[in-house]
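Below is one structure; the comments refer to it alone.
Residue numbers (this note's numbering): 2 to 293.
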């Protein structure tokens with residue numbers, strides 16, 4: 002019998018906070034209840050912001066909370082070659098293209114469009130969609146720019162990808178923390194436009210790495226925050242494009258900060274290290290996040 006497999010996947014670009022504690026503890030509880038596995042993945046593809054010091058802090062906080070996981074820990078920065086292989090496949094299938102516009106060029110293009118009376122579309126996070134300019138650049142011109150080290154990112158050609166999709170891009174969403182009920186959610190990757198799948202110097206992005214890793218690690222249940230709910234649509238599309246299995250998803254509630262907003266790693270007063278130094282115990286943290 003195949004064991005159900007869960008994962009906790011923090012990015013070591015800051016200190017863990019109460020929201021991370023809730024997610025890690027929930028994954029551990031669900032894995033234990035199912036007699037399954039809990040894996041730890043360090044999502045450190047951002048090699049400038051992610052540091053060994055932050056990773057050490059993450060591991061210390063998790064052990065302090067009483068979180069256990071199977072070894073070895075998967076560190077994304079150690080697997081760029083695997084992501085590059087997948088990216089090369091997408092390039093060969095003409096599902097991605099090199100995008101050269103700088104942020105200032107993007108802003109100028111959108112401002113010009115809006116001056117002409119057209120409201121520019123935005124993704125679910127409120128970020129303007131990438132203009133379609135680079136898709137019209139001839140292949141030889143693309144090659145020339147790349148050879149001359151012009152900065153670029155590999156973006157998914159959303160129109161082409163959607164045209165080739167199998168048709169059913171829904172996903173199974175669990176409806177509560179017990180994973181006892183499910184519903185089908187229609188994936189809407191097109192709402193995100195031509196998302197970045199890799200950069201010139203890093204052959205992956207969050208979207209690409211996470212679907213590759215979930216497949217390679219045999220993840221059956223992705224339990225993560227509600228803030229990633231809409232992004233699941235892009236990941237379902239990539240799973241479809243790459244022929245990867247789809248896990249079930251549960252996007253759990255977020256733990257608000259003192260001002261009622263979503264927690265971030267910049268909120269030092271809710272960081273686990275600061276709470277520990279203030280005398281808060283692991284049991285106190287469990288009570289604070291509602292996992293007892």
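Glycine included, each C-beta is placed from N, C-alpha and C at the ideal position.
| Cβ atoms of residue 41 and residue 7: under 8 Å apart, would you say? | The residue labelled residue 7 in the question sits at position 6 within the chain shown. The residue labelled residue 41 in the question sits at position 40 within the chain shown. Result no, Cβ atoms of residue 7 and residue 41 do not sit closer than 8 Å.
| field | C-alpha distance - residue 234 paired with residue 172, whole-angstrom precision | value | Residue 234 sits at position 233 when you count from the first residue of the chain shown. Residue 172 sits at position 171 when you count from the first residue of the chain shown. The alpha-carbon atoms of residue 234 and residue 172 are separated by roughly 8 Å.
| message | Given a cut-off of 8 Å on the beta-carbon distance, is the pair residue 110 and residue 134 in contact? | response | Position 109 of the chain shown, counted from the first residue, corresponds to residue 110. Position 133 of the chain shown, counted from the first residue, corresponds to residue 134. A contact, by the Cβ cut-off of 8 Å.
| query | DSSP on residue 50, reduced to helix/strand/coil? | reply | Looking up residue 50 in the chain shown gives position 49. Per DSSP, reduced to three states, the secondary structure at residue 50 is coil, with no helix or strand assignment.
| task | Inspect the CB distances between the region 219 to 228 and the region 241 to 255 and report whether three or more fall short of 8 Å. | result | Touching, yes.
| said: Tell me which residue opens and which closes the beta strand (DSSP E) that residue 119 is part of. | reply: In the chain shown, residue 119 corresponds to position 118, counting from 1. Membership of residue 119 in any beta strand (DSSP E) is not indicated, and neither H nor E is assigned to it by DSSP.
| Is the Cβ-Cβ distance between residue 241 and residue 167 less than 8 Å? | Sequence index remark: in the chain shown, residue 241 carries index 240 (1-based). Sequence index remark: in the chain shown, residue 167 carries index 166 (1-based). Yes, the pair counts as a contact, with Cβ atoms nearer than the cut-off.
| query | Given 8 Å as the limit, is there contact between the region 178 to 185 and the region 114 to 125, that is, 3 or more CB pairs closer than that? | reply | Judged by Cβ distances under 8 Å, the region 178 to 185 makes no contact with the region 114 to 125, as fewer than three pairs qualify.
| message | I need the DSSP call for residue 3, collapsed to helix, strand or coil. | response | Residue 3 sits at position 2 when you count from the first residue of the chain shown. It is coil, neither helix nor strand.
| Between residue 107 and the rest of its own chain, which residues show a CB-CB distance below 8 Å, the 5 nearest in sequence each way excluded? | As a working mapping, residue 107 is identified with position 106 in the chain shown. Apart from sequence neighbours up to five positions away, the residues of its chain that approach residue 107 with a beta-carbon distance below 8 Å are 129, 131 and 132, ordered along the chain.
| task | Let me know if residue 139 comes out buried or exposed under the rule of 16 or more other beta-carbons within 10 Å of its beta-carbon. | result | By one-based count along the chain shown, residue 139 stands at place 138. The residue in question, residue 139, is exposed, as its Cβ has fewer than 16 Cβ neighbours within 10 Å.
| field | the region 87 to 100 contacting the region 49 to 62, beta-carbon criterion three pairs below 8 Å | value | No: fewer than three Cβ pairs fall under 8 Å.
| request: Taking only the alpha-carbon atoms, compute the straight-line gap between residue 102 and residue 169 and give it to the nearest angstrom. | output: One-based indexing of the chain shown puts residue 102 at position 101. One-based indexing of the chain shown puts residue 169 at position 168. A straight-line Cα-Cα distance of about 33 Å links residue 102 and residue 169.
| message | Using 8 Å as the threshold, is the C-beta distance between residue 87 and residue 43 below it? | response | Taking the chain shown and counting its residues from 1, the one referred to as residue 87 is at position 86. Taking the chain shown and counting its residues from 1, the one referred to as residue 43 is at position 42. Not a contact, by the Cβ cut-off of 8 Å.
| field | Reduced DSSP secondary structure (H/G/I, E/B, other) of residue 218 | value | One-based indexing of the chain shown puts residue 218 at position 217. In this structure, residue 218 counts as coil in the three-state DSSP scheme.
| query | Who does residue 183 pair with in a DSSP beta bridge? | reply | Here residue 183 corresponds to residue number 182 of the chain shown, with the count starting at 1. Paired residue(s): 175.
| Environment of residue 36 [buried if 16+ CB atoms lie within 10 Å] | Within the chain shown, the letter at position 35 stands for residue 36. Exposure of residue 36 is indicated by the presence of fewer than 16 other C-beta atoms within 10 angstroms of its C-beta.
| message | Using CA atoms only, rank isn't needed, just tell me which of 288, 255 and 219 is closest to residue 24. | response | Within the chain shown, the letter at position 23 stands for residue 24. Comparing Cα-Cα distances from residue 24 to each of 288, 255 and 219, the minimum goes to 255.
| message | Going residue by residue through the region 51 to 138, where are the continuous beta strand (DSSP E) segments of at least 3 residues, counting only ones entirely within it? | response | If we require 3 residues or more, the beta strand (DSSP E) runs fully inside the region 51 to 138 come out as 71 to 76 and 97 to 100.
| Can you name the start and end residues of the alpha helix (DSSP H) that residue 258 belongs to? | Numbered from 1 along the chain shown, position 257 holds the residue referred to as residue 258. First-last for residue 258: undefined, no H or E at that position.
| task | Could you tell me the boundaries of the alpha helix (DSSP H) in which residue 229 lies? | result | For this step, residue 229 is matched to residue 228 along the chain shown. Taken as a continuous stretch (DSSP letters only), residue 229 belongs to no alpha helix (DSSP H), as it is neither H nor E.
| request: Given a cut-off of 8 Å, decide if residue 253 and residue 174 are closer than it, judged by their beta-carbon atoms. | output: For the purposes of this step, residue 174 is taken as the residue at position 173 of the chain shown. For the purposes of this step, residue 253 is taken as the residue at position 252 of the chain shown. Contact: no.
| said: Quick check on residue 160: buried or exposed, where buried means 16 or more other Cβ atoms within 10 Å of its Cβ? | reply: Taking the first residue of the chain shown as position 1, residue 160 is located at position 159. Looking at its Cβ environment, which holds fewer than 16 other Cβ atoms inside 10 Å, residue 160 is exposed.
| said: Restricting to Cα atoms, I'd like to know which of 143, 11, 20 and 227 is closest to residue 52. | reply: By one-based count along the chain shown, residue 52 stands at place 51. Just measuring C-alpha positions, the residue of 143, 11, 20 and 227 sitting nearest residue 52 is 11.
| said: At the level of alpha carbons, what is the spacing between residue 263 and residue 257? | reply: Position 262 of the chain shown, counted from the start, is the residue given in the question as residue 263. Position 256 of the chain shown, counted from the start, is the residue given in the question as residue 257. Going from the Cα of residue 263 to the Cα of residue 257 covers about 5 Å.
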